[in-house]
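Below is one structure, written out as structure tokens; the observations come after it.
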Amino acid sequence: MKLLIVGGYGTFGGRIVQLLENEPRLELIIAGRSLAKAEACCKERGTTKARLMPATFDRDGDLGAQLAALLPDIVVDASGPFQAYGEGRYRLIEAC
1 MKLLIVGGYG
11 TFGGRIVQLL
21 ENEPRLELII
31 AGRSLAKAEA
41 CCKERGTTKA
51 RLMPATFDRD
61 GDLGAQLAAL
71 LPDIVVDASG
81 PFQAYGEGRY
91 RLIEAC
């Protein structure tokens, strides 16, 4: 099962990755605006039972195209700060 964690290398998203990384049935897509940070996060985790995959994802970009490229089964939005989303706070949810 592919799980996309937007903001996966941040504080909250990183904790989610830590909690799920030893589940062998999961592919965790660690994503955010910086591919370099996503790659570093995957390397820092070391050996995990889940497959870790870094990806670029911008919640202000073309969400449909980004989701189509990654094809996740589940999406977790751990990006933030949530109070700064304004009118588009449910944009990612609606794109799913």
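If you're matching positions, the sequence shown starts at 1 in the working numbering and goes up one per residue.
Cβ atoms here follow ideal geometry from the backbone N, Cα and C, with glycine treated the same way.
Residue environment, residue i, which counts as buried when at least 16 other CB atoms sit within 10 Å
i	result
Ala55	buried
Gln66	buried
Gly7	buried
Beta-carbon gap between residue i and residue j smaller than 9 Å
i	j	result
Pro16	Val75	Looking at the sequence shown, residue 16 is not Pro but Ile. Contact: no.
Glu63	Ala95	First, the amino acid is wrong: residue 63 is Leu here, not Glu. Cβ distance < 9 Å, so Leu63 and Ala95 count as in contact.
Arg59	Arg91	yes
Coil, strand or helix - residue i by DSSP
i	result
Lys2	strand
Glu27	strand
Span separating the alpha-carbon of residue i from that of residue j
i	j	result
Lys2	Gln18	16 Å
Range covered by the beta strand (DSSP E) that runs through residue i
i	result
Arg51	Arg51 to Thr56
Asp77	Ile74 to Asp77
Residue span of the alpha helix (DSSP H) that contains residue i, given as start and end
i	result
Leu35	Leu35 to Arg45
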